[in-house]
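Participant: Attaching a single structure in structure tokens format; questions to follow.
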Amino acid sequence: MIELNGVTKSYGDFDVLKNCSTKVDRGEIVVICGPSGSGKSTLIKCVNGLEPFDSGSIKVHGIEVGDPKTDLTDLRSRVGMVFQNFELFPHLSVIENIKLAQKIVLGRSDNVSDNKAKQLLDRVGLADQARKYPSQLSGGQQQRVAIARALAMDPIAMLFDEPTSALDPEMISEVLDVMTDLAKEGMTMMVVTHEMGFARRVATRVVFIDQGEIVEDRPSDDFFSGHHNQRTDAFLSKIL
Ligand code: ADP
Ligand code: MG
Numbered sequence: 001m002i003e004l005n006g007v008t009k010s011y012g013d014f015d016v017l018k019n020c021s022t023k024v025d026r027g028e029i030v031v032i033c034g035p036s037g038s039g040k041s042t043l044i045k046c047v048n049g050l051e052p053f054d055s056g057s058i059k060v061h062g063i064e065v066g067d068p069k070t071d072l073t074d075l076r077s078r079v080g081m082v083f084q085n086f087e088l089f090p091h092l093s094v095i096e097n098i099k100l101a102q103k104i105v106l107g108r109s110d111n112v113s114d115n116k117a118k119q120l121l122d123r124v125g126l127a128d129q130a131r132k133y134p135s136q137l138s139g140g141q142q143q144r145v146a147i148a149r150a151l152a153m154d155p156i157a158m159l160f161d162e163p164t165s166a167l168d169p170e171m172i173s174e175v176l177d178v179m180t181d182l183a184k185e186g187m188t189m190m191v192v193t194h195e196m197g198f199a200r201r202v203a204t205r206v207v208f209i210d211q212g213e214i215v216e217d218r219p220s221d222d223f224f225s226g227h228h229n230q231r232t233d234a235f236l237s238k239i240l
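According to the UniProt record's numbering, the sequence shown is numbered sequentially starting from 1.
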């Protein structure tokens with residue numbers, strides 16, 4: 001579903017991604033972890049064309065992301081993205097947040113997008129919050145709205161960039177629970193997170209990235225069975 005081959009990117013003479021290769025098969029949950037500044041956000045943004053890259057290739061569902069002929073708007077409408085800071089539209093109610101792109105990008109009617117939004121709000125446990133504005137919700141609720149908004153586009157895959165790192169501890173699990181359900185339903189997911197409990201329970205593979213380099217890319221069972229590269233151990237010892 002997602003395939004990166006030798007992806008390289010620099011900002012001037014700073015190499016943010018160095019020859020990164022990995023793949024995510026249909027239905028796989030790949031967790032990406034690594035120190036702050038290692039290139040995780042850059043990598044995941046390259047996947048849906050939010051960041052250009054210099055060389056190598058990224059294919060999503062057979063579409064070459066780096067090909068200038070690729071319609072990036074179309075790609076982004078099919079690959080859901082959830083950010084650390086929710087990025088909801090502050091001036092729109094919860095339900096309007098979930099309806100907007102359905103109407104504008106997919107051309108769905110008000111009625112169809114409304115039904116879809118209600119169904120998704122119910123799914124993320126927020127059926128009673130539809131008329132509120134983002135600022136009236138907790139961080140955990142806002143993030144669940146952001147997930148519902150991404151799902152409303154019927155994405156072929158979902159990308160998450162530290163979806164729980166801006167949340168108070170008691171709200172982390174309500175977001176991880178929604179993500180876990182999504183994984184169980186077979187969604188293909190790439191998740192940047194330091195929630196190693198989630199990784200252990202849900203991930204099929206774990207990728208460790210350090211200084212722009214993919215240092216480890218292993219099945220989850222194997223990753224959590226103990227033997228690591230020194231750089232991975234150094235990182236894990238700080239977060240676990
Ligand atoms: P992570 O998500 O792992 O914390 P990022 O992908 O956000 O890392 O950033 C990786 C590195 O690239 C950091 O050192 C960051 O400072 C640098 N970087 C990110 N965006 C830019 C930019 N637009 N210009 C220059 N350097 C950048
Ligand atoms: Mg980041």
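Each residue gets a CB set at the ideal place from its N, CA and C atoms; glycine is no exception.
1. Among the candidates R218, R26, A146, whose CA atom is the shortest distance from the CA of E185?
2. Grab me the residues of K99's own chain with a C-beta within less than 7 Å of its C-beta, minus the 5 sequence neighbours each way, in chain order.
3. With DSSP as the reference, label P68 as helix, strand or coil.
4. Based on the DSSP secondary-structure assignment, which residues constitute the bridge partners of M81?
5. Please check the pair V206 and R231, which I expect to be a contact at CB under 8 Å, by giving their CB distance rounded to whole angstroms.
6. Among E3, G49, L126, which one has its Cα closest to the Cα of D71?
7. Could you tell me if the beta carbon of K9 falls within a distance shorter than 6 Å of some heavy atom in the ligand MG?
8. Taking N111 as the reference, which of I58, L159, M187, E96 has the closest Cα?
9. On the DSSP bridge list, what partners appear for E3?
10. Whether or not the segment 145-164 and the segment 176-193 are in contact is what I'm after, with contact meaning three or more pairs of Cβ atoms, one per stretch, closer than 8 Å; do they touch?
11. I need the boundaries of the beta strand (DSSP E) containing D217, first residue and last residue.
12. Let me check you understand the geometry: is the CB of S41 closer than 6 Å to at least one non-hydrogen atom of the ligand MG?
13. Does the distance from the CB of G6 to the CB of G56 come in under 7 Å?
Facilitator: Reading it off the structure:
1. R26
2. S113, D114, A117
3. coil
4. Per DSSP, L159.
5. Rounded, the Cβ-Cβ distance is 14 Å, inconsistent with contact.
6. G49
7. no
8. E96
9. K23, K59
10. yes
11. 213-219
12. Remark: the C-beta of S41 is in contact range of the ligand MG, defined as less than 6 Å to any heavy atom.
13. For G6 and G56, yes; Cβs fall inside 7 Å.
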